[in-house]
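One structure is given here, and the rest of the page talks about it.
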Amino acid sequence: MSPAWMSRPALVLLLSVLPALVAAQPPGPPAAAAAPATNPVDGALLAARAAAADGDVERVAALAPQVAGTLLEPYLEYWQASLRLHGPNPDEAPVRPFLTRYAGTVLADRLRSDWLMALGGKGDLAAFDAERRRLVLGGDDPQLACYTLLARYVLDDGNRREQIAREARRNLANTVDPGGDGCTALADRLLDEAALTIWPRLQALVERNQLPAAQQAASHLPPAEVTVVKRLLEQPGAWLAGGQAHLDRMPHSFAVLAIVVLARDAPEEAARYAERLEPGLTAHERAVVWGRIGRAAQLALLPQAHEWFERGGDLVGEGVDYVRAADVLEARARAALRHGAGIAVAAPARAADQDRAVEPKAGPDWSALRRVIARMAPEQQAESTWIYWNAEALQSQGKLEEARAAWRSIADRFSFYGRLAAERLGLPLVLAPRPQEPPAALVEELAQRPGFLRARKLYELGMRDEANREWSWELRGMDDATLHAAAELGRRFGVLDRMIASSERTRTLFDVAQRYPMPYRELMAATSAPLAVDPAWIYGLIRQESRFIEDVRSNVGAIGLMQLMPSTARFVARRIGFANYRADRVADVQVNLRLGTEYLKLVFDDQDGQPLLASAAYNAGPRRVRKWRAALARPLDGALFVETIPVGETRDYVKRVLFNTVVYSALLDHPAVSLRSLLGTVTPKDVSTDDLP
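All you need for my numbering is the position in the sequence shown, starting with 1, plus 155.
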């Protein structure tokens, strides 16, 4: 908790850090806060932005003359062109003049992306294909990806159509938004030409909880079957129960889909139906059914998850149509890791075992884990996560040299698993000496570039999304020296998140003071010391929560540096007797830091003084973390607990916060701390009735 948490002798890691590193920390101004409009031009711009969000193109046009000739005039033109492109009477006339006038800017690229969506939507695939080649960004948009595949498929002369169709099927099975316009158009074309079957399409939509789109897709079936599918999509349990006397004689495709739908919310019930249906299933159908049930069970921390995955066999995650294959394989790997850690099962899936409890085995199924990792795609296998755990499996099987070789391959990665691997090898954390300051002339040259000038003004107006896009656009193609200068520019502009983001793009140059800033040093010390909370941990948490953006608000309403929910801030203020508390003060740095640190102390005490669990509770809530502990049958290694946290956001959050803490501990010249000492061992504990939010 305090730096004393780092004094456990058996887990101390010797850190080698140059003392000058902290001294060289750039002080920098605090992160820029949104300022209200102070002149008519700014007011007109903000009003136009609000009108554009409401789709009121006439209001935007009326405000445009007030912004004419200013740095941000292109935004008024962009909003008008984009709105006219997607209006009730689509008008493409403003597009090409805008693309010519503002060629090479982020707004031109965004309008081109908007235009591509319009071209795809109206089926002008030849024009889409021609313009798609000119798009710089937007490659990760799922609908643009689907329209791109559709254009390639339709425009192909026939030589590669089958290959493109396979690529399209894989994309539809794994995209995050299979029900969007572009992906629906792609799927409909493939279905119409019998290049895709309806069942994986329906499963993909169900997996992303896009049931209305699934019901619409069912229209590709004969009318009588459409009725059946719509019913089982709405009430899978009732549909299966109504036909359970003849379950083995039901069409497999319908029963498999019903079980897939049911597994999302009731994996144990789905497993009972799957067991009855299993003898008549093909190997692929078994892989689909038990893969979906296994993943749902793993996310619910059910101890049967590993067994159910094993019943799916070797085809789990295999094939171009296997839905969310990478996610399923990762869930299977985590189920193998957690095998035996869950509470005993009172009602196992196999009917023959109904009268006995299944006692968990005493550890991960390392052999199964290695088999799963071997089935992952090469890029997935190359992730630090699976290199690290494959090495752990190798070590458990007595293959020490292979394990050490695997750990060595990632030990230089500046990340959670890179650090764990280095600790396995006994390597200290060595932070490189800070490079020379970037040339002042280069920083000044960047400051005068139109993109950075627009970004600065947009930050001042609180238009952070637009500002971030301008900033990222300017970073394209920069070498390390220029990125280093851009990071310094972010510090000078008071946007520390852009300093971090710019510095993190460097490939060989490493400036840890840019990547891990430490503003508010005196305030941090005054706030943390009375509570004995390690400032390295607070810094590590803030870096993950807000990247030091003081006035940031999340999409769920969390506020400020430490991302406090209003209800949590109010609870803490009452609990500690915070004088003159007002909700409108939560974003204030001093108030936010005080209330956030007090809450961090509360969850730390609630979670038995374990940084791992307290960090998880800060993100996911104490009640949820208590449930995860209550599901344990035995103490669990902290690294293993973290990797099997069922909420992906929290899993990644804890890794980053704890790794950040190790780095900040070094920067603050604290006694050496190892990542493994922060992870510790997680012990089972019943759910309490504590009132923490």
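We treat Cβ as the ideally placed atom computed from N, Cα and C, and that holds for glycine.
Test item: CB-CB of Leu299 and Ala281 under 8 Å: Numbered from 1 along the sequence shown, position 144 holds the residue referred to as residue 299. Numbered from 1 along the sequence shown, position 126 holds the residue referred to as residue 281. No, they are not a contact pair.
Alpha-carbon spacing of Asp652 relative to Val744, whole angstroms: On the sequence shown, position 497 is the one that residue 652 refers to. On the sequence shown, position 589 is the one that residue 744 refers to. Rounded to the nearest angstrom, the two C-alpha atoms are 16 Å apart.
Please report the distance separating the alpha-carbon of Arg676 from that of Val812. If you number the sequence shown from 1, residue 676 lands on position 521. If you number the sequence shown from 1, residue 812 lands on position 657. Cα-Cα distance, rounded: 19 Å.
Rounded to whole angstroms, what's the CA-CA distance from Leu834 to Thr225? Just pull it up for me. As a working note, residue 834 is residue 679 in the sequence shown. As a working note, residue 225 is residue 70 in the sequence shown. Near 53 Å, if we compare the C-alpha coordinates of Thr225 and Leu834.
Straight-line gap, Leu201 to Arg239 (C-alpha atoms, nearest Å): Translated into the one-based positions of the sequence shown, residue 201 becomes position 46. Translated into the one-based positions of the sequence shown, residue 239 becomes position 84. Leu201 and Arg239: Cα-Cα distance of roughly 19 Å.
In whole angstroms, give me the CA-to-CA distance for Ser551 and Thr663. Looking up residue 551 in the sequence shown gives position 396. Looking up residue 663 in the sequence shown gives position 508. Their backbone Cα atoms lie some 35 Å apart in a straight line.
Leaving out five residues before and five after Gln180 in sequence, what residues of the same chain have Cβ atoms less than 8 Å from its Cβ? As a position in the sequence shown, residue 180 is number 25, starting the count at 1. Residue placement at Gln180 cannot be trusted, given a pLDDT of 43 that sits under 50; what the coordinates show is reported in the next sentence. Excluding sequence neighbours, Gln180 sits near Ala668, Pro672, Met673, Leu822.
Are the CB atoms of Ala203 and Val212 within a distance shorter than 8 Å? Position 57 of the sequence shown, counted from the first residue, corresponds to residue 212. Position 48 of the sequence shown, counted from the first residue, corresponds to residue 203. No. Outside cutoff.
The alpha helix (DSSP H) with Ile528 in it runs from where to where? Counting from one through the sequence shown, the residue named residue 528 turns up at place 373. Its alpha helix (DSSP H) spans residues 521 to 530.
Could you have a look at Leu395 and say whether DSSP puts it in helix, strand or coil? Position 240 of the sequence shown holds residue 395. Leu395 falls in the helix class under three-state DSSP.
Cut-off 6 Å between Cβ atoms - residues of its own chain near Arg493, not counting five sequence neighbours on either side: Working through the sequence shown from its first residue, we reach residue 493 at position 338. Excluding residues within five positions, the ones whose Cβ falls inside 6 Å are Thr799.
Alpha carbon to alpha carbon, how far is Phe253 from Trp234? Here residue 253 corresponds to residue number 98 of the sequence shown, with the count starting at 1. Here residue 234 corresponds to residue number 79 of the sequence shown, with the count starting at 1. Cα to Cα, Phe253 sits roughly 11 Å from Trp234.
Roughly how many whole angstroms lie between the Cα atoms of Ala576 and Pro583? Reading the sequence shown from its first residue, position 421 is the one you call residue 576. Reading the sequence shown from its first residue, position 428 is the one you call residue 583. Rounded to the nearest angstrom, the two C-alpha atoms are 11 Å apart.
To the nearest angstrom, report how far apart Arg287 and Gly293 are at their CA atoms. Indexing the sequence shown from 1 puts residue 287 at position 132. Indexing the sequence shown from 1 puts residue 293 at position 138. Distance between the alpha carbons of Arg287 and Gly293: 10 Å.
Spatial neighbours of Pro164 within its chain, please: C-beta separation below 7 Å, excluding the five flanking residues on both sides. Residue 164 sits at position 9 when you count from the first residue of the sequence shown. Caution is warranted here: a pLDDT of 30 is assigned to Pro164, below 50, making its placement in the model unreliable, and the coordinate value is therefore given only provisionally. If we look at Pro164 and ignore the five residues flanking it on each side, it has no Cβ neighbours.
Report buried or exposed for Asp264, applying the criterion of at least 16 other Cβ atoms within 10 angstroms of its Cβ. Within the sequence shown, numbered from 1, the residue matching residue 264 stands at position 109. Buried, since its Cβ has 16 or more Cβ neighbours within 10 Å.
Which two residues bound the contiguous alpha helix (DSSP H) that contains Ser539? Looking up residue 539 in the sequence shown gives position 384. Element bounds for Ser539: 539 to 551.
Sorted by chain position, which residues of the same chain lie with C-beta nearer than 7 Å to Gly449's C-beta, five sequence neighbours on each side aside? Along the sequence shown, read from residue 1 onward, the residue named residue 449 stands at position 294. Result list for Gly449: Ala460, Trp463, Phe464, Gly467, Ala486, Arg487, Ala490, in chain order.
Could you please give me the residues that DSSP links to Asp824 through a beta bridge? In the sequence shown, counting from the first residue as 1, residue 824 sits at position 669. Paired residues: none, contrary to the question.
Please report how far the alpha carbon of Arg365 lies from the alpha carbon of Ala602, in whole angstroms. As a position in the sequence shown, residue 365 is number 210, starting the count at 1. As a position in the sequence shown, residue 602 is number 447, starting the count at 1. Note that residue 365 corresponds to Gln in the displayed sequence, not to Arg. Computed Cα separation, rounded: 45 Å.
Here's a check: name, in chain order, each residue in its chain whose Cβ is nearer than 7 Å to the Cβ of Asp508, leaving out the five neighbours to either side. Counting from 1 along the sequence shown, the entry for residue 508 is found at position 353. Note that Asp508 scores a pLDDT of 39, beneath 50, so its modelled location is shaky; the value from the coordinates is reported in the next line. Cβ neighbours of Asp508 beyond the five flanking positions: none.
What does the Cβ neighbour count give for Glu348, buried or exposed, with the cut at 16 atoms within 10 Å? Here residue 348 corresponds to residue number 193 of the sequence shown, with the count starting at 1. Glu348 should be labelled exposed.
Could you tell me the distance, in whole angstroms, from the CA atom of Phe796 to the CA atom of Val837? To locate residue 796, count along the sequence shown from 1; it is residue 641. To locate residue 837, count along the sequence shown from 1; it is residue 682. If I take the Cα positions, the gap works out to 7 Å.
With Arg289 and Arg267 assumed to form a contact (beta carbons below 8 Å), what rounded beta-carbon distance in angstroms separates them? On the sequence shown, position 134 is the one that residue 289 refers to. On the sequence shown, position 112 is the one that residue 267 refers to. So it is a contact: roughly 6 Å between Cβ atoms.
How about Val758 and Ala775: are their beta carbons less than 8 Å apart? Position 603 of the sequence shown, counted from the first residue, corresponds to residue 758. Position 620 of the sequence shown, counted from the first residue, corresponds to residue 775. Taking 8 Å as the Cβ cut-off, Val758 and Ala775 do not qualify as a contacting pair.
Among Arg619, Gly649, Ser657, Lys612, whose alpha-carbon lies nearest the alpha-carbon of Asp634? Indexing the sequence shown from 1 puts residue 634 at position 479. Checking every option, the nearest Cα to that of Asp634 belongs to Ser657.
Return the Cβ separation of Leu395 and Leu376 in integer angstroms, given the expectation that the two are a contact with Cβ distance under 8 Å. Along the sequence shown, one-based indexing puts residue 395 at 240. Along the sequence shown, one-based indexing puts residue 376 at 221. Not quite, the Cβ-Cβ distance comes to about 19 Å (not below 8 Å), so this is no contact.
For a minimum of 4 consecutive residues, which ranges assigned as the alpha helix (DSSP H) are wholly contained in the segment 393 to 460? 407 to 418, 422 to 432, 438 to 454
Assigned secondary structure, Leu200 (DSSP; H/G/I helix, E/B strand, else coil): Within the sequence shown, the letter at position 45 stands for residue 200. Leu200 falls in the helix class under three-state DSSP.
Exposed or buried, which one is Leu678 when buried takes at least 16 other CB atoms within 10 Å? Taking the first residue of the sequence shown as 1, we reach residue 678 at position 523. Flag for Leu678 reads exposed.
Note down, in chain order, each residue of its chain lying with its Cβ closer than 8 Å to the Cβ of Leu436, except the 5 sequence neighbours on either side. For the purposes of this step, residue 436 is identified with residue 281 of the sequence shown, where counting begins at 1. If we look at Leu436 and ignore the five residues flanking it on each side, its Cβ neighbours are His407, Val411, Val444.
Considering only the alpha carbon of each residue, which of Val222, Thr193, Gly242, Asp269 lies closest to Asp209? Your numbering for residue 209 matches position 54 in the sequence shown. Ranking the options by Cα distance to Asp209, first place goes to Gly242.
Give me, in chain order, the residues of the same chain whose beta-carbon lies closer than 6 Å to that of Val475; leave out the 5 immediate sequence neighbours on both sides. As a working note, residue 475 is residue 320 in the sequence shown. Arg321, Arg324, Arg325, listed in sequence order.
Ordered along the chain, which non-local residues of its own chain (more than five positions away) have a Cβ less than 7 Å from that of Ala451? By 1-based counting over the sequence shown, the position of residue 451 is 296. Within the same chain, Ala451 has close Cβ partners Ala418, Arg419, Pro422.
Starting from Asp635, trace the alpha helix (DSSP H) in both directions and tell me its first and last residue. Counting from 1 along the sequence shown, the entry for residue 635 is found at position 480. 635 to 648 is the extent of the alpha helix (DSSP H) around Asp635.
Using CA coordinates, which residue listed in Phe607, Arg631, Gly632 is at the minimum distance from Glu621? In the sequence shown, residue 621 corresponds to position 466, counting from 1. The shortest Cα separation from Glu621 among Phe607, Arg631, Gly632 belongs to Phe607.
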